[in-house]
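> Be aware that the sequence shown starts at 2, since it is given in this note's numbering, and climbs by one per residue. Cβ coordinates follow ideal geometry from the N, Cα and C atoms, glycine included. The structure displayed is predicted, hence computed values, not measured ones. Below you will find the structure I want to go over with you.
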Amino acid sequence: MVVVDSVTRAGGSVIARRRTADEPAYATASPTRRPADRAAARPRSATRLAKFHVPEILFGPGSLPEAAHAAVRLGARRPLLVTDPGLTEAGWPAQLCAHLADAGLRATVWDGVTPNPKDHEIAAGHLTYLDQRCDVIVALGGGSVIDAAKGIALLAGNGGTILDYEGVDRMALPIPPLVMVPSTSGTGADVSQFCIVTDTRRNTKITILGRAMVPDVSVVDPHLLTTMPDWLNAATGLDALTHGIEAYVSRAHNPLTDHHALQAIALVGEHLERTMDHPSEEAARTCMAQAALEAGMAFTNAILGAAHAMSHQVGGLLDLPHGVINGVLLPHVIRFNAEQDPHRFVPIAQALGLPGDIAPDSDAGAAEAAEWAAWEVRRLADELGVPKGLGEIGVTDADVGLLSVMTLADACLSTNPREADQADIETLFRAAL
Ligand SMILES: NC(=O)c1ccc[n+]([C@@H]2O[C@H](COP(=O)([O-])OP(=O)(O)OC[C@H]3O[C@@H](n4cnc5c(N)ncnc54)[C@H](O)[C@@H]3O)[C@@H](O)[C@H]2O)c1
Ligand SMILES: [Fe+2]
2 MVVVDSVTRA
12 GGSVIARRRT
22 ADEPAYATAS
32 PTRRPADRAA
42 ARPRSATRLA
52 KFHVPEILFG
62 PGSLPEAAHA
72 AVRLGARRPL
82 LVTDPGLTEA
92 GWPAQLCAHL
102 ADAGLRATVW
112 DGVTPNPKDH
122 EIAAGHLTYL
132 DQRCDVIVAL
142 GGGSVIDAAK
152 GIALLAGNGG
162 TILDYEGVDR
172 MALPIPPLVM
182 VPSTSGTGAD
192 VSQFCIVTDT
202 RRNTKITILG
212 RAMVPDVSVV
222 DPHLLTTMPD
232 WLNAATGLDA
242 LTHGIEAYVS
252 RAHNPLTDHH
262 ALQAIALVGE
272 HLERTMDHPS
282 EEAARTCMAQ
292 AALEAGMAFT
302 NAILGAAHAM
312 SHQVGGLLDL
322 PHGVINGVLL
332 PHVIRFNAEQ
342 DPHRFVPIAQ
352 ALGLPGDIAP
362 DSDAGAAEAA
372 EWAAWEVRRL
382 ADELGVPKGL
392 GEIGVTDADV
402 GLLSVMTLAD
412 ACLSTNPREA
422 DQADIETLFR
432 AAL
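Take a look at the structure:
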């Protein structure tokens, strides 16, 4: 369990607090909605070593200029702004460049990232970093841009090629400071210790994991979410939901991560559909930004599970949106895990609004609640227009064997609550076809 070892060594701490009267309601969306749920939601204290590692976070509508101030605080003189062509078209990097200029910094903009960032793109970004003698990296974009920025920083500090660093804590030397500005409400990459990169030789995504990958500062401005196309909003919202659920049931969870995981699940359940129907409404976007952030804070410390281990292989093979693949896989993985122990899924079901006629106290009731949670995730995916199966997005039965072998090697599988061998993973892939 190398992964768990790396989790328990992650540093930092967080102090729980209540919302004050003048704070907005989105700050404390309740994961539980009925009195009967209170027992499940009752705070638990950590009974074994629990560490919690997150960056400095600046959160709120209109917070984008804070990224420039953060770069200054981190000693930037020649920042590299990593972004991608979709963001350039949306106009956000130009706005950030203006804020950096106001702070006295002229940024080198590099927008050579594509979705599911490729090993060679990170090499190209690293060359730009070296050519321009940059010192701090600012990333503005979705998970792809953020992971590319982490990869560039890793190479700037440690040399070699990005594929050398697959696995846990493979980097030995410090990396340049990182300021992250997420533009999607999903990945949590801006706070996570993960860097996910496509290995173009093997057509798979590798996972690089280590506390050095946790950025210095994350600036979350929900305004950036308003230019997301609907499909991206749906995909990234389902990614955040998958993070919350997998972190909550992970073998490496603890009470600090549980709190954020349940909060994220409830926020997605309450607000994702509203952002689809009312895309420019600030309150719902802000709740989704908070959901993605809290899901990220949960999973970077608790790690993930089989849905992500499987999703990484499909994403590497077919270059498809990560959150869409998760949305298809998640109900199947919930059922598989709940077969062994459904009780852990009860608070998840309650956070998603479990109907009052399901009493989850007994084993049978818990199994019913877990099944309802799987059904609810699929209902949400249907509402969002996510394909019913992987077959619809290009996966064939012939792919299942190789996808399953590669899933077994993914770091995320080791924290899945139920052991899964190759036959189990093949069965899951076939069920999701
Ligand atoms: N490091 C982590 O912890 C972590 C966690 C989960 C997922 N990921 C990775 O993140 C990647 C997926 O990231 P993503 O889902 O955020 O999308 P993305 O970064 O792949 O972006 C997808 C597309 O959306 C566009 N886009 C992004 N934000 C936009 C905005 N606000 N307005 C207009 N267009 C916008 C981009 O230009 C791009 O073309 C995958 O590679 C996945 O493996 C990483
Ligand atoms: Fe994810």
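When burial is assigned at 16 or more other CB atoms within 10 Å of the CB, is R431 buried or exposed?
Exposed, by the Cβ-count rule.
> For A104 versus G187, is the C-beta distance shorter than 7 Å?
no
> Would you check whether ligand 1 has a heavy atom nearer than 6 Å to the C-beta of L164?
no
> On the three-state DSSP scale, how would you describe A139?
A small correction: the amino acid at residue 139 is Val; Ala does not occupy that position in the sequence shown. Residue state, collapsed to three classes: strand.
> When you compare each of H260, D383, I58, I197 to H313 by their alpha carbons, which one comes out closest?
I197
> On a CA-only basis, which of T397, A424, G392, V396 is nearest S405? Give me that one, please.
A424
> When DSSP builds the beta bridges, which residues end up paired with L82?
DSSP output for L82 lists V110, V139 as bridge partner(s).
> When the Cα of L513 is compared with those of E384, L429, T416, which residue comes out closest?
No answer is possible for residue 513: the residues shown for the chain start at 2 and end at 434.
> How about the stretch 226 to 246 and the stretch 259 to 269: do they share at least three Cβ pairs that are nearer than 8 Å?
yes
> Give the single residue among L59, E90, I209 whose Cα lies nearest to the Cα of T301.
When each option's Cα is compared against that of T301, the closest is I209.
> Report yes if the CB atom of D120 is closer than 7 Å to the CB atom of T89, and no otherwise.
no
> What separation, rounded to the nearest whole angstrom, lies between the Cα atoms of A284 and H260?
22 Å
> Please state if the CB of G324 and the CB of A236 are separated by a distance shorter than 7 Å.
Contact flag set, yes.
> Report the start-end ranges of each alpha helix (DSSP H) in the stretch 317 to 350 that is 4 residues or longer and not cut off at the edges.
323 to 341
> Report yes or no: do the stretch 50 to 69 and the stretch 209 to 227 share at least 3 C-beta pairs separated by less than 8 Å?
yes
> Using the DSSP secondary-structure output, state which residues sit across from D200 in a beta bridge.
Answer by DSSP bridge pairing, in chain order: T205.
> Can P177 and V137 be called in contact, C-beta distance under 7 Å?
yes
> Can you tell me whether DSSP reads E57 as helix, strand or coil?
strand
> Of the choices A375, T408, G402, H54, whose alpha-carbon is the least far from that of S193?
H54
> Could you give the DSSP three-state label for P256: helix, strand or coil?
P256 falls in the helix class under three-state DSSP.
> Are the CB atoms of V416 and A253 nearer to each other than 7 Å?
Here residue 416 is Thr; the residue named in the question, Val, does not match the sequence. Between T416 and A253, the C-beta spacing is below 7 Å.
> Helix, strand or coil for S219? Go by DSSP, reduced to three states.
strand
> List the DSSP bridge partners of P183.
G142
> Excluding the 5 residues preceding and the 5 following G317 in the sequence, name in chain order all residues of the same chain whose CB lies nearer than 6 Å to its CB.
T199, N204, T205, K206
> Quick one: measure Cβ to Cβ for D85 and S145, integer angstroms, because I've assumed they're closer than 8 Å.
Contact holds; Cβ gap of about 7 Å.
> Output the boundary residues of the alpha helix (DSSP H) element that contains L305.
No alpha helix (DSSP H) holds L305; DSSP gives it neither H nor E.
> Reducing DSSP to helix, strand and coil, say where V396 ends up.
coil
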